[in-house]
Amino acid sequence: MVEQLDNKNEVLFKTWTVPEQENVKTIIIQQPAETHMELNASTDKTAISSFGLSVVIALILAGLATWYAYWCAKKSFRLTKMSFDTVVAQIKASEISALDLNTKLFEQQKFLQDNELIFSYKVSELDKLRTLISEYLTCLISFNTEITLKLDILDNFQRIEKAAKFNLRIANYHQLIELFLDCQNNDEHMRIRNHLKDVLKALWAIREVIDKDTYTIKLKISSFAMELQYVKDILNEYLASEIRKIKGE
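The following block contains the structure:
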């Protein structure tokens, strides 16, 4: 009985007894100082390399940024210069156009003024010639009328005196008219001047026979009257032609 109890106590004791733990050893591995320094050196090199690479990249980026800024500035300057050149060219073109326009206007105005002066001069000269021709023809008609109507009542001395007086007046008119018809290359001028000479010859022919018989004198007067009518027609025709020219017809 006692043995059984001892056996039970022994079992219970074994049940509540903590099993014996195995001995655990902690091993601390201490790196050598050399290895630690190499690691630090490697870390420093990596940091320096990273910094150097960052600097290189930064320099490259800065260079690219500088180049891009320079390119943009150059492009902008070129565009600005092109715009400026375009504006300058437009201003020059406008100045040239304005100068040409002013020159043309000046030339046109000068042309109109010259034409106006020429027109005024021609009108003035034509008026003078018309007045002169009118006086000349009046003188010729007066001479023809007086000689014809008073031939029978005038003595030889009076006939010679009248013929001489009209002769001088008519010769003076011829000289004045020829001053207006002085163009040697103008056929119309030359034709009129020749007929004026024919009138003067017919007048002198009357004077040469003024002391002759009435019949002879009347024959010369008749020839003079024909020349008078002819020169009257060509002078009036010439005046009308010049008026048409001035009017531009």
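My numbering puts the first residue of the sequence shown at 22, with every later residue one more than the last.
Cβ atoms here follow ideal geometry from the backbone N, Cα and C, with glycine treated the same way.
> residue 188 and residue 232 look like a contact to me (Cβ under 8 Å); what is the Cβ gap, rounded to whole Å?
Replying inline: Not confirmed; about 15 Å, so no contact.
>> With the cut-off set at 8 Å, would you say residue 194 and residue 249 are in Cβ contact?
In response: no
> Do residue 260 and residue 180 have their C-beta atoms closer together than 8 Å?
Replying inline: no
> Alpha carbon to alpha carbon, what distance is there between residue 196 and residue 170?
Replying inline: 28 Å
>> I'd like the list of long-range same chain contacts for residue 223, defined as Cβ closer than 6 Å, with 5 residues on each side in sequence excluded.
In response: 244, 245, 248
> residue 268: buried (16+ other C-beta within 10 angstroms of its C-beta) or exposed?
Replying inline: exposed
>> My output table needs one value for residue 259: the three-state DSSP class, helix, strand or coil.
In response: helix
>> Here's the rule: buried if 16 or more other CB atoms are within 10 angstroms of the residue's CB, otherwise exposed. What is residue 81?
In response: exposed
> By DSSP, does residue 202 sit in helix, in strand, or in coil?
Replying inline: coil
>> On the DSSP letters alone, give me the boundaries of the alpha helix (DSSP H) that residue 219 sits inside.
In response: 208–229
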